[in-house]
Every structure is written in structure tokens, then in C-alpha cells.
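So the sequence shown is numbered by this note's numbering: it starts at 71 and just counts up by one.
C-beta: ideal position from N, C-alpha, C; glycine also.
The structure presented is a predicted model; accordingly, all values stated were derived computationally and were not measured.
What follows is a short report on a single structure.
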Amino acid sequence: MITALDKRVNTILLKRGVISEDKSKEALGIAEKEQATFVDILLDRSYVNEMSLLGSLAAEVNIPPVSLDKIKPDDKLLESFSEERANYYQILPLSKIGNILTIVVANPFDVVKLDDIRLLTQSEIRLVLSTERAIREAVKRFYNPEEHDIKELIDEVGKNGLELTATETDEKLDLSAVTEEAGDSPVIKLLNTLLFRALREGASDIHIEPYEKKVRVRFRQDGILHEVFFPPRRLHNAIISRIKIMSGLDISERRIPQDGKFQMKFEGRRIDFRVGIVPTIHGERSNIRLLDSSTLVLTINDLGFEPEVLEAFKRAINASYGMVLVTGPTGSGKTTTLYCSIKEVYSPQDNLITVEDPVEYQLAGVIQVPVNVKQGMTFGAALRAILRQDPDIIMIGEMRDLETADIAVKAAITGHLVFSTLHTNDAISTITRLMDMGIDPFMVSSAVLIVANQRLLRRLCPHCKEPINFPREKLLSFGFKPEETDKLTLYRPVGCPHCLNGYKGRFAVYEALELDDEVRRLIIKGASVLEIREYAVKEKQMVTLRRAGLLAAARGNSSIDEVLRHTA
């Protein structure tokens, strides 16, 4: 049906020579036949482009055109002017300054509707021009951002040619077993696209968090959590059910925590996904850890050790027996350091066995034993079994209790090379932590070869980092030496299309305490952490974590703020 607006637009376009008589008649005929608007037909069939159309109408009625892709209406104004009202009047409210309300219209000739809006809002009206289609899409986008985000995510699957091909684990899944709420293909596409975006953007974790009236999805990128989008609350159970099915978990159980995993292929790489689901007061919360085996191409030389620390660490991992400990908080890259160490020392002549909870990456030629507490396979039980397998080198994912630590220490002093991790804040306090767990000081001093403590710093984006000047007094307060301050250049993050807030990727910084005879004597004597630290720093037996961070900042690898945030 041809409307009065269609006829008016047609007249203006013919008058200004934007469209020919033949094309005009053809477009009117198609609009009548398909029950579509004349303007939609013009744009769909490319008889005229949107810029020419709006330019002609704007010049005719003396109203400025606007691109709705480049503006954002005032949120409070949207709350006061309902979506139903915006759709009825075919307008979009933009802003209100004083008594002047700016609205986007497609039909500036409908004076009756414009008068209604004046009365309803008790405001003077300022008009800007767009098309009906653009206004419809903008109303959906701004009044229902959650729905729009989902549509964008699903559309992104097609645009980017996403093909997350499941490995054997996922191929066994019977997708018909999905519950009704999770069986809808948009939910599957939505989750696949989330996984795709997380991989593309270099995220290490996906957090799906339910609240009373919303669901929040966040990515952890370079160690920092960022909000990605907010899917509708009604889709939460469907998304969690899909995750459970992919991970081989019980979709009917929502009262207890569950852990699982699945694998997929992305751009030719095998990606492992480790899933943890825990019930909360508003539903189940899911964390998905992304483990990309391609990151294991690193060698020990690439990790970030200072030269003297690297030399000491290599001496320790190439010893015939003893214990090498890597420490730091959760998520500081300890496991990656251990894997790179294993790659450095492994040879077919050695029997190398690991016990891990869980096995994060599969290493060629290495026997890897997963912990299974429910079946009685604890770290301690696994270690006792491993020692009966004639091992040369043992890697223990983490020493969590006295039983595990005691077996590991005894193995280290009876001819085995043992790698393990502990959660401590610095290298020296690891010694006291072992003694606090119940290990005799003499056993600690005899078994431990080196303790490395590490942190992950965000790397400055090379495309946008900028030099920043600090007063000499400030540089000294950071910990730089007086002789280093003269020609020192530090950088700050800026932000550009290549990075996230000025940072791109992360790297490790290390402090390492190599135990010499004097350190062993201090341990047996019961010296405090401060005494051992004083000796280690004075005799250059240890480069502190702060010092390693400052050297990294001086090279332009990270910012001083990042160093201060992660080191004491």
C-alpha cells in the first residue's frame, strides 16, 4: 500500500533528479505488490543510496539528517519515553536540553503526530531526519540492548566463517538430548560465538554470572576481567545446560558443583576448555578456562628470566636430583614454567612422570597422571604409586598438604629430580611455608635446589606506548639505582585498535633463590625470612621480583604502574 509519505518522497526525488521516472514507477509497483514501503524498496533494490535519499529530503524540508549508527540517545530520556510510544510515532528521542526535545523522524510532514508529541512531552520539538528502517532498528537496539547483542553475536558466526569443529569428545554428544530450553540452535550459536570471541581476543577465562535480573558475561584478558555483554535472564539455564552437555556433566543436577572439560578445534589448533559450575542464589555460575596448546611452543629462554636468574634456574633443572619449586599466586603462569622446564630437560633416556589436578596440557613422551580425589587418587596416593614406577624426573602439580610435601622431599633426596609448585608470595617465604607444613628444616635445606617466584605483567602495546618522564626522586623511590636514572626512559599505556587499554599480551618476571651452603646453614639455624633475604640480596644470590619488574619497565616491556601493582 502506497502511503502519503511514499508519494511525497517520490515527488521530491523526481524533482531533484535522484531517481528516473522508470525507476520510480517500477519501485512503486513493487512496493504495492509486496506491501512494503516505497523507501524500503528503493534502498533494498539499490535504486538510490541512503545518503542521497536523506540528503534530498533534508534539503527539501530544511531538517538536518543524522546517522543513527554514530549516536547514542540519553538513557534517562529513553526511560521516560516508552518503546511502544517510539514505535507508534515512528520516532527516536535523542536528547533534551531545557525545554527543547530533539527527536529523529522519518516523516516530518505528519504534523498531527508531531503535535501529539509536543503535548505529551510538554516540550518544544527539534527535528533531525533519518529513514523508517534506520529508526526501527535503532529503537530495537537502544530499547533492547540485550536482544541486539545476541543478534550481533549470532550474526558474527556467519560473518567470520566460524567453524568450531568438535573433537571426539564432543562428537559423541547427542544434541537431541538437550533439554527444550537448551535445544534451540540460537543458544548453541550464541555459546559457540562466545567461545570464538574469547579465542580471537586472547581471553584466558569466560565467566557466566547470574544475578537476580540479569546475566553477565565477562572475559579475562591479560589478567583483567572485562564485561562483554548481558544476555537475557531467560537464556541463562539454556546456556548452562549447553555447557554441561558439551562437558559431559549432569544437566539435571543444579544443587552441587560440577567440573568437566571438552575440546574443540579452532583455526587448526586444538583448544581445551576446562569447565567449573557452581550453584549460587540466583542460579548456576560457570567459569570456562581456555587452554591453548599452541602456547607451549615457548622455551625456557622465552619465559622472562633475567640472565643471571636463568643461568641459576638451568643449573637446578639439569641437576641429577633435588627439588625445583615454582611459586606465586593462582594464575601467575607456574604450570607453564614447569612445562617449559620439562621440555628443556626431557630425553627418551629418562622416565618422566607427572601428577596433576587437572592435566592442563598433554606432553609428548611424558606419562601424566590425573588426580581423582573421589576415587582415592590424591596427590599423595599418586606419588606413592609413581615412585614404584622407577621415575627419574617427577612433576607434582601442587604440594597442598604435609603428606604430599613429605613424599616429594624424600624423593628429592633419594635420587629423583622433583618439580613442583606452591602458593606463596615470594621465593624466600616458600622455605618457611614448607617448615610450617611440618617438613624438618634439615630436609628442606637438603632437598631444595632453587625456588622461583613469578608474576605475569601486561605487555605494553608497541603501536601506541608513549614515553613518560618522572623526577629523579620518584625513580629512586620506585627502586631504580642512582646511576640508572640519567638515561632511563619509561613508557605509559595509551590505547589503540591493536590493543586493550594500551596493553597486548603478558610476560613473566621472576625472582629466584638458589640455595648455596650459607642459605642452607641459615635455614637449619632457623633464620627468619628477613635474614635470608638480606643475605641473598647482599651477596647477589637473588634478583628480587621488584628489581626484575623495574628492569622490564626500563626495557619498555611494561609500565611502571603495572610493575608496582604486582610487586612489593
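What does the alpha-carbon distance come out to for the pair C566 and S322? Rounded to whole angstroms, the gap between the alpha carbons of C566 and S322 is 45 Å.
According to the Cβ coordinates, are D342 and L361 closer than 8 Å? In contact: D342 and L361 (Cβ atoms closer than 8 Å).
Span separating the alpha-carbon of K77 from that of I310: Annotation: K77 to I310 spans about 52 Å, alpha carbon to alpha carbon.
Distance CB(R503)-CB(L492) smaller than 8 Å: Yes. Within cutoff.
If we count Cβ pairs, one from each stretch, closer than 8 Å, do we get three or more for the segment 165-181 versus the segment 194-203? Yes: at least three Cβ pairs fall under 8 Å.
Are there 16 or more other CB atoms within 10 angstroms of the CB of R355, so buried, or fewer, so exposed? Taking all protein chains shown into account, R355 has 16 or more neighbouring C-beta atoms within 10 Å of its C-beta and is therefore buried.
Give the DSSP-derived three-state secondary structure of G99 in the structure shown. In this structure, G99 counts as helix in the three-state DSSP scheme.
Answer yes if the segment 627-637 comes into contact with the segment 598-611, meaning at least three C-beta pairs across the two stretches below 8 Å, and no otherwise. Verdict: no, contact absent.
Entirely within the segment 573-597 and at least 4 residues each: give me those alpha helix (DSSP H) ranges in chain order. Here the runs fully enclosed are 587-595.
May I ask you to verify whether the segment 427-441 touches the segment 377-384, counting CB pairs closer than 8 Å and requiring at least 3? The way I'd put it, the segment 427-441 doesn't touch the segment 377-384; fewer than three beta-carbon pairs between them come closer than 8 Å.
Where I602 and L546 are concerned, what is the direct C-alpha to C-alpha distance, given to the nearest angstrom? Going by the C-alpha atoms only, they are around 24 Å apart.
Measuring CB to CB, does R359 end up less than 8 Å from D275? Yes; because the gap between Cβ atoms is below 8 Å, this pair is in contact.
Determine the contact status of H306 and V285, defining contact as a CB-CB distance below 8 Å. With respect to V285, H306 sits close: the two C-beta atoms are nearer than 8 Å.
Given that a residue counts as buried once 16 or more other Cβ atoms are within 10 Å of its Cβ, and exposed if not, what is R528? It is buried - the Cβ of R528 has at least 16 other Cβ atoms within 10 Å.
Could you check whether the segment 113-131 touches the segment 80-88, counting it as contact only if at least three pairs of C-beta atoms, one from each stretch, sit closer than 8 Å? Between the segment 113-131 and the segment 80-88 there are three or more inter-stretch CB-CB distances shorter than 8 Å, so the stretches are counted as touching.
For E536: DSSP bridge partner residues: Paired residue(s): R562.
Quick one: using the 10 Å Cβ neighbour count with 16 as the cut-off for buried, is A434 buried or exposed? Of the residues assessed, A434 falls on the exposed side of the cut-off, its CB having fewer than 16 other CB atoms within 10 angstroms.
Please look up how many angstroms separate the CB atoms of D110 and R203, rounded, as I've assumed it's under 8 Å. Taking 8 Å as the upper bound for CB-CB distance, D110 and R203 are in contact here, some 6 Å apart.
C-alpha gap between G568 and R562, whole angstroms: Rather than Gly, the amino acid found at residue 568 in this sequence is His. If I take the Cα positions, the gap works out to 15 Å.
Under the assumption that D292 contacts L530 (Cβ atoms under 8 Å), give the Cβ distance between them as a whole number of angstroms. For a cut-off of 8 Å, the C-beta gap from D292 to L530 is around 11 Å, too long to register as a contact.
With distances taken between CB atoms, is the gap from A481 to T397 smaller than 8 Å? With respect to T397, A481 sits apart: the two C-beta atoms are not nearer than 8 Å.
So for Q445, helix, strand or coil by DSSP? Under the three-state reduction of DSSP output, Q445 falls in the helix class.
Indicate the three-state DSSP secondary structure (helix, strand or coil) for R203 in the structure shown. It is helical.
Taking C-alpha atoms, which residue in E282, G401 and R303 lies nearest to L295? When each option's Cα is compared against that of L295, the closest is G401.
N495 to Q524, Cα distance in whole Å? One C-alpha to the other measures close to 9 Å.
Are at least three pairs of beta-carbons, each pair with one atom in the segment 409-426 and one in the segment 446-458, less than 8 Å apart? Yes, the segment 409-426 touches the segment 446-458.
Opposing strand residues paired with Q611 [DSSP bridges]: In DSSP, Q611 forms no bridge with anything.
I need the straight-line Cα distance from A101 to P178, nearest angstrom please. So the two alpha carbons sit approximately 21 Å from each other.
Cβ-based burial, E543 [other Cβ within 10 Å; buried from 16]: Around the beta carbon of E543, a 10 Å sphere encloses fewer than 16 other beta carbons of the protein chains shown; the residue is thus reported as exposed.
Could you tell me the distance, in whole angstroms, from the CA atom of L98 to the CA atom of F108? The straight-line gap from Cα to Cα measures roughly 6 Å.
C-alpha distance - V298 paired with T263, whole-angstrom precision: Computed Cα separation, rounded: 12 Å.
Between I594 and F512, how many whole angstroms is the CB-CB distance? I'm expecting something under 8 Å. Between F512 and I594 the Cβ distance is about 6 Å, and since that is below 8 Å, they are a contact.
Does the distance from the CB of L472 to the CB of M507 come in under 8 Å? Their beta carbons are under 8 Å apart, which means L472 touches M507 by this criterion.
Using only alpha-carbon positions, find the residue among E553, F577, K535 and R590 that is nearest to A517. Taking only the C-alpha atoms, the option nearest A517 is R590.
CA-CA distance, F336 and F266? Taking the straight line from one Cα to the other gives about 8 Å.
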